[in-house]
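In this note's numbering, the protein residues as written are -5 to 353. Worksheet: one structure, shown below.
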Amino acid sequence: MGTGGGGPQQVGQRYLLEKIREGKSISWVDPNSIPDDALTCVPMFMGSIAPAVPETKIKMQERGLVDVVIDRELVIAVEEMKNYLGVDKFDAIVPFELGGINTPAPVDAAVHLDIPVVDGDYCGRALPEMCQATTVLYGYKLEPVVSVDRWGNVLTINKAVNNAMVEALGKSASTTAFVIVGQCAMVLKGSEMKKAIIPGTLTKCFEIGKCIREAREQGKNPVREVVNNFDGHLLFEGVVTDKTWEDRDGYLFGYTTIKGERDYANDTYKIWYKNENHITWLNGELDVLSPDLIIVVDSTTGEPITNTDLVEGMDISVIGMRCDDQYRTPEGIDLVGPKHYGFDIEFTPIEDVLTSRKR
C-alpha cells in the first residue's frame, strides 16, 4: 500500500517490535468511536526517501549534524504540538498514509503516549505531499505544523498562505537537516476527522501482511494470493533493467524500467515516481496512473519494495489497486492525478485501462 514510498519498513518494524517486546498491546479503534468534540492529530515523517550519498554526509558534518539525540521524533512532535496549542492531551492519533514507516510510527507514538490510534488514514496509500491528504478536499487546514528532527531541532509553522507553502516549508525542515523529519499536523475535531478518514485501512494492511505470510508458509504464490484476495490486478512481472533517480526539493524523482518475464516475456514496463509510483507505460503506451495504486513487490516473497531500495536485477511484480472514492472525484484527481505532477495526461481509471488491455 506504500506504492513505492511511505518510508523504510525496517524502521517501522523496529518500532513495533520494541513495543511488543516491552509487553505493550498494539491495537486500533473504529474512527466512529471517537467523539465529535475530540481533538485529533497526525504525526508523520516527511522528506525525501533518496539513498544517502557521501556528499550529503559531508554537508551534515559541516553543519554539526552528527549526534542523534532524538529516537522517537513523532512522540516529541506530538508533545510539542500539545504545548504549542496549550491543550492537556490529544484524544486520538490518525495516520497520514499507509507505508513502511508512516503507518507503524504513528501507531508506535500512540502506544508510547497512551492515546488511541484510529483504524484509517487520510490517503489510503502513500503520497509524496502533505497537501494531497483527503482533509484538503474538505477545506481543512494543514497548519500549524511542528517539525522535529533527530538532531534535536524543533520548529513550528504557525500560518501559511496556502497548502503548497505548508508543504514547501515543511519539506525545508527536512532538506536543511538532510534527514526525514517527524511532524505533527492536521489538528482536527473528531467530527472533521470522520468526514475525511478512509476507514479500515490499518486492518486491511494487517490482513494483507497476514495473507503474504500464510501464503509463504503454505508454499503458495504470495503475489497471486494478494491479488486474488484484495481486489488487486497483476499489472506486470519482470526484472529491473534500469533505474534513474534524482534527489530534488525534498523528493526522490526517477524512472524504473522492467524487462518482462513469464507471461510478460516480450514486454517492457516503465514507472515514473515522485517518492511513490504515479505514471506507468506498457510497451510505451500509457497504463495505470495515480491516484490508483501502483505497487512494486518482490516476485518471490511478496514483500513490498520502496523506490529507495529498488535496484537493477531485482525480480519484481507490479500490482495495481483502485484508489479510494474520494480521489475519484474531479477535485481528488486534480490533487493526485497525472496533471498534478506536470504530465499532460488525462486520468484513466484502472478498470478502464485493464479493459482496454484485453481488446
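Using N, Cα and C, we set each Cβ at its ideal position, and we do this for glycine too.
- Spatial neighbours of D102 in its chain, beta-carbon cut-off 7 angstroms, leaving aside the 5 residues before and after: For the purposes of this step, residue 102 is taken as the residue at position 108 of the sequence shown. The residues are Y9, L10 and K13.
- On the DSSP bridge assignment, give the partners of M40 in chain order. What you label residue 40 is simply residue 46 of the sequence shown in a count that begins at 1. Under DSSP, M40 takes part in a beta bridge, and its partners are V175.
- Query: Can you tell me whether T323 is buried or exposed, with buried defined as 16 or more other CB within 10 angstroms of its CB?
  - Reply: On the sequence shown, position 329 is the one that residue 323 refers to. That one is exposed.
- Cutoff 6 angstroms; reference N215; Cβ partners in own chain excluding five residues on either side: Working through the sequence shown from its first residue, we reach residue 215 at position 221. For N215, where only same-chain residues beyond five positions count, there are no Cβ hits under 6 angstroms.
- Task: Specify the secondary structure class of I14 as computed by DSSP and reduced to three states.
- Result: Locating residue 14 in the sequence shown gives position 20, counting from the first residue. Three-state DSSP puts I14 in a helix.
- Query: Can you list, in chain order, the residues of its chain whose CB lies under 8 angstroms from that of L163, leaving out five sequence neighbours each side?
  - Reply: Along the sequence shown, one-based indexing puts residue 163 at 169. Only V139, I151 and A154 meet the Cβ criterion.
- Query: With 16 other CB atoms within 10 Å as the buried threshold, where does T250 fall?
  - Reply: Taking the sequence shown and counting its residues from 1, one reaches residue 250 at position 256. Answer is buried; the Cβ neighbour count reaches 16.
- Which same chain residues, not among the five before or five after G(-1), have their C-beta less than 7 angstroms away from its C-beta? Within the sequence shown, numbered from 1, the residue matching residue -1 stands at position 5. Once the five neighbours on either side are set aside, the close Cβ partners of G(-1) are I43, G93, A120, P122, N269, E270, T300 and N301.
- Query: Taking C-alpha atoms, which residue in N260, G226 and T274 lies nearest to W266?
  - Reply: Looking up residue 266 in the sequence shown gives position 272. Ranking the options by Cα distance to W266, first place goes to T274.
- Coarse secondary structure for Y99, derived from DSSP in three states: As a first step, residue 99 must be located in the sequence shown, where it is residue number 105. Before going on, a small fix: residue 99 reads as Ala here, not Tyr. Note: A99 maps to helix in three-state DSSP.
- Residue span of the beta strand (DSSP E) that contains Y263, given as start and end: For this step, residue 263 is matched to residue 269 along the sequence shown. T262 to K268 is the extent of the beta strand (DSSP E) around Y263.
- Message: Below 8 angstroms on the Cβ atoms is my contact criterion, and I expect I313 with V221 to pass it. Report the Cβ-Cβ distance as a whole number of Å.
- Response: Along the sequence shown, one-based indexing puts residue 313 at 319. Along the sequence shown, one-based indexing puts residue 221 at 227. For I313 against V221, the beta-carbon gap comes to about 6 angstroms, under 8 angstroms, which counts as contact.
- Query: Which partner residues of V290 appear in the DSSP bridge assignment?
  - Reply: Taking the first residue of the sequence shown as position 1, residue 290 is located at position 296. Bridge partners of V290: V312.
- Message: Among the candidates D241, D65, A104 and C178, whose CA atom is the shortest distance from the CA of L136?
- Response: Stepping through the sequence shown from its first residue, residue 136 is reached at position 142. Selected option, being the one with the closest Cα: C178.
- Does the Cβ-Cβ distance between T295 and R210 come in under 8 angstroms? As a position in the sequence shown, residue 295 is number 301, starting the count at 1. As a position in the sequence shown, residue 210 is number 216, starting the count at 1. Yes, the pair counts as a contact, with Cβ atoms nearer than the cut-off.
- Item | Inter-stretch contact at 8 angstroms, needing at least 3 Cβ pairs: the stretch 84 to 91 / the stretch 159 to 176 | no
- Item | Contacting residues, own chain, Cβ-Cβ under 6 angstroms from A71 (five flanking each side not counted) | As a first step, residue 71 must be located in the sequence shown, where it is residue number 77. Closer than 6 angstroms at Cβ, skipping near neighbours: P37, V140, V142, G176, Q177 and C178.
- CA nearest to the CA of V181, picked from V130, D257 and E279: Locating residue 181 in the sequence shown gives position 187, where the first residue counts as 1. With distances taken between Cα atoms, V181 lies closest to V130.
- At what residue ranges does the stretch 61 to 145 contain a whole run of the alpha helix (DSSP H), taking only runs of 4 or more? 67 to 79, 98 to 107 and 128 to 131
- Task: Could you check the C-alpha separation between F247 and P45 for me, to the nearest Å?
- Result: Indexing the sequence shown from 1 puts residue 247 at position 253. Indexing the sequence shown from 1 puts residue 45 at position 51. Those two C-alpha atoms are separated by around 12 angstroms.
- Task: Let me know if I339 comes out buried or exposed under the rule of 16 or more other beta-carbons within 10 Å of its beta-carbon.
- Result: In the sequence shown, the residue the question calls residue 339 occupies position 345. Its Cβ having fewer than 16 others within 10 Å, I339 is exposed.
- Segment limits, alpha helix (DSSP H) that includes D346: The count along the sequence shown starts at 1 and reaches residue 346 at position 352. I344 to R351 is the span of the alpha helix (DSSP H), which, as asked, contains D346.
- Query: Looking only at C-alpha atoms, which of D281, T97 and K83 sits nearest to K352?
  - Reply: Counted from its first residue, the sequence shown places residue 352 at position 358. Ranking D281, T97 and K83 by Cα distance to K352 puts D281 first.
- Message: Measuring alpha carbon to alpha carbon, tell me which residue in V291, M159 and G1 is nearest A99.
- Response: Mapped onto the sequence shown, residue 99 falls at position 105. The residue with the shortest Cα to Cα distance from A99 is G1.
- Item | CA-to-CA distance, G184 to E231, given in whole angstroms | Taking the sequence shown and counting its residues from 1, the one referred to as residue 231 is at position 237. Taking the sequence shown and counting its residues from 1, the one referred to as residue 184 is at position 190. Taking the straight line from one Cα to the other gives about 43 angstroms.
- The beta strand (DSSP E) with D319 in it runs from where to where? Start at 1 with the first residue of the sequence shown, and residue 319 comes out as number 325. Following the DSSP letters along the chain, one finds D319 in no beta strand (DSSP E), marked with neither H nor E.
- Residues in its own chain within less than 8 angstroms of L79 by CB, not counting five upstream and five downstream? As a first step, residue 79 must be located in the sequence shown, where it is residue number 85. So the qualifying residues of the chain are P138 and V181.
- Query: Would V160 pass as a contact of M187 if the rule is Cβ separation under 8 angstroms?
  - Reply: If you number the sequence shown from 1, residue 160 lands on position 166. If you number the sequence shown from 1, residue 187 lands on position 193. No.
- Query: When the distance is taken between beta carbons, is G114 closer than 8 angstroms to T34?
  - Reply: On the sequence shown, residue 34 is found 40 positions in, with the first residue counted as 1. On the sequence shown, residue 114 is found 120 positions in, with the first residue counted as 1. When the beta-carbon positions are compared, T34 and G114 stay at least 8 angstroms from each other.
- Would you please state the rounded distance, in angstroms, between the beta carbons of M315 and L287? I believe it to be under 8 angstroms. For the purposes of this step, residue 315 is taken as the residue at position 321 of the sequence shown. For the purposes of this step, residue 287 is taken as the residue at position 293 of the sequence shown. That pair is a contact at about 4 angstroms.
- Message: Our contact map puts H106 next to V69 with C-beta atoms below 8 angstroms; I'd like the distance itself, whole angstroms only.
- Response: Locating residue 106 in the sequence shown gives position 112, where the first residue counts as 1. Locating residue 69 in the sequence shown gives position 75, where the first residue counts as 1. 5 angstroms between Cβ atoms; contact.
- Helix, strand or coil: which one does DSSP assign to V220? Looking up residue 220 in the sequence shown gives position 226. Three-state result, V220: helix.
- Bridge partner(s) assigned by DSSP for R210: Looking up residue 210 in the sequence shown gives position 216. The partner list for R210 (beta bridge, DSSP) is empty, contrary to what the question assumes.
- Item | Distance, V330 Cα to Y132 Cα | As a working mapping, residue 132 is identified with position 138 in the sequence shown. As a working mapping, residue 330 is identified with position 336 in the sequence shown. Rounded to the nearest angstrom, the two C-alpha atoms are 15 angstroms apart.
- Query: For W239, which residues does DSSP report across the bridge?
  - Reply: Numbered from 1 along the sequence shown, position 245 holds the residue referred to as residue 239. W239 is bridged to G248.
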